[in-house]
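For our numbering, count along the sequence shown from 1 and bump the result up by 53.
So the structure is just underneath, and the comments pick up after that.
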Amino acid sequence: MGAPSWRPYRWGPTMADLPDEEQLLRHFEWNRELLREIAAMFVSDAPGMMRDVSGAVDHGDAPLLRQAAHKLKGSVANFRAQAAVEAALRLERMGASGDLMGAREACRALEVEVMRLRERLGEMCVTPERGTAGGAEEDRG
């Protein structure tokens, strides 16, 4: 028996491959308030964007899948979440080509990555007990 010709999604990643708060602050030019605002929008909007992607997969709508995956890819790219970007790009390419073979598995992989990113952003950016954005300058040292 030979090895399968496809590569299954690698389940069980850790949060270590997601950017940490300092990396994101650097990406947002140390503007903690902007980071929190964009993170809060993502945490709020991601479930709807994910529904658009999975709905397109469920209905076999390749053009809609390309559009929905592209939109979600742009959102996760704001946070340098490479695994989520790659998962969304895979679906975007499937939609562009019209070949949705494997789209359900790819959609599940994207769901996992989006959930991980939402958890990370929720932990570090949108919790009410965090300080105000004014401390970002002092945090750099």
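Ideal Cβ placement from N, Cα and C applies to all residues, glycine included.
For the alpha helix (DSSP H) that contains residue i, what are its first and last residues?
i      : result
Glu158 : 156-177
Phe95  : 85-112
Output the distance between the C-alpha atoms of residue i and residue j, rounded to the nearest integer angstrom.
i      : j      : result
Met177 : Glu75  : 10 Å
Asp105 : Ala121 : 6 Å
Arg146 : Asn84  : 33 Å
Pro100 : Leu117 : 16 Å
Met94  : Phe132 : 12 Å
Asp114 : Arg143 : 15 Å
Arg79  : Asp73  : 10 Å
Within a Cβ cutoff of 7 Å, which residues of the same chain sit near residue i, ignoring the five residues on either side of it in sequence?
i      : result
Ala130 : Val138
Leu87  : Phe81
Short of 6 Å in beta carbon distance, which residues of its chain neighbour residue i, apart from the five on each side in sequence? Order them along the chain.
i      : result
Asp192 : For Asp192, the predicted structure reports a pLDDT of 44, less than 50, and the residue's modelled location is therefore unreliable. A value from the coordinates is still provided. If we look at Asp192 and ignore the five residues flanking it on each side, it has no Cβ neighbours.
Ser128 : Phe95
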